[in-house]
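Engineer:
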Amino acid sequence: MTDKSLPSPDTAADSATEDLPDVPEIQHEARLWRDDGWTARVIKNEDDDGWAVEMIKDGEAEPALVGPWTMGRDKKNPKPLDTGAFNTLVKTASEVLRRHEQQLHAMLHKRVTVDSPSGDGELAVTLDIVPSEDDPYALLTAFDAFGEQLAQVKVAPNFKLGKANATAWVADGFRRPG
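The sequence shown begins at 1 in full-length UniProt numbering and counts up one residue at a time.
1) In the DSSP assignment, find the alpha helix (DSSP H) that holds glutamate 101 and state where it starts and stops.
2) Taking the CB atoms as reference points, tell me whether valine 153 and leucine 140 lie closer together than 8 Å.
3) Would the beta-carbon of phenylalanine 159 fall within 8 Å of that of leucine 150?
4) DSSP three-state call for lysine 160: helix, strand or coil?
5) So, lysine 91 versus leucine 161, is the Cβ gap smaller than 8 Å?
6) Identify every run of the beta strand (DSSP E) within the stretch 116 to 158, keeping only runs that are complete inside it and at least 3 residues long; order them along the chain.
7) Do the CB positions of threonine 39 and isoleucine 26 come within less than 8 Å of each other?
8) Considering only residues of the stretch 26 to 84, which uninterrupted beta strand (DSSP E) runs meet the minimum length of 3 residues and lie entirely inside it, listed in chain order?
9) Please work out which residues of its chain come closer than 8 Å, Cβ to Cβ, to valine 170, disregarding the five sequence neighbours upstream and downstream, and give them in chain order.
10) Go ahead and pull the three-state DSSP assignment for arginine 176.
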């Protein structure tokens, strides 16, 4: 005998999504375009009397891009969004996100090459910072010319990787820097 008072997993999932607002995947209005994973919204510019546009990637809380928006012919209201403008905004916002990701990667991943103590080539030494609110740290790793890992130690996240530090670490037999 089954208990009909308990919802089935399918019914429970349906009722959980009923509370969410209906957000159409595609929406093309004068001040709001939603398409291709992005939302463009024309808003009042808080810095002056004009208008601004914000680009928000689906799933993100903050806009990837906020910029000035053109006035319409009446010099009071904003120019309506259109396909060309939306596509340009998506391209620009995507580029901003890509640059931000590259900058973050460059901050968290460093690499230098040093001469092997045996004199048979170069070693690559990398520093990979693992950001964490609770326990940030970094991994200092040495690789031979064939990409084989030779050693890895955990270091402080503010460890400064440079040729001198890497060379000293290699010369010290890959012991954890003090």
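Heads up, the beta-carbon is just placed ideally off N, CA and C, and yes, glycines get one too.
Structural biologist: Short version:
1) Looking up residue 101 in the sequence shown gives position 101. Where glutamate 101 is concerned, the enclosing alpha helix (DSSP H) stretches over 83 to 108.
2) The residue you call residue 153 lines up with position 153 of the sequence shown. The residue you call residue 140 lines up with position 140 of the sequence shown. Taking 8 Å as the Cβ cut-off, valine 153 and leucine 140 qualify as a contacting pair.
3) By one-based count along the sequence shown, residue 159 stands at place 159. By one-based count along the sequence shown, residue 150 stands at place 150. Not a contact, by the Cβ cut-off of 8 Å.
4) Working through the sequence shown from its first residue, we reach residue 160 at position 160. The answer is coil: DSSP assigns lysine 160 none of H, G, I, E or B.
5) Working through the sequence shown from its first residue, we reach residue 91 at position 91. Working through the sequence shown from its first residue, we reach residue 161 at position 161. Going by C-beta atoms, lysine 91 is not nearer than 8 Å to leucine 161.
6) 122 to 130, 137 to 143 and 149 to 155
7) On the sequence shown, residue 39 is found 39 positions in, with the first residue counted as 1. On the sequence shown, residue 26 is found 26 positions in, with the first residue counted as 1. Contact flag unset, no.
8) 32 to 35, 38 to 44, 51 to 57 and 65 to 69
9) Sequence index remark: in the sequence shown, residue 170 carries index 170 (1-based). Excluding residues within five positions, the ones whose Cβ falls inside 8 Å are Val114, Ser116, Pro117, Leu123, Val125 and Ala142.
10) Against the sequence shown, residue 176 aligns to sequence position 176. Coil.
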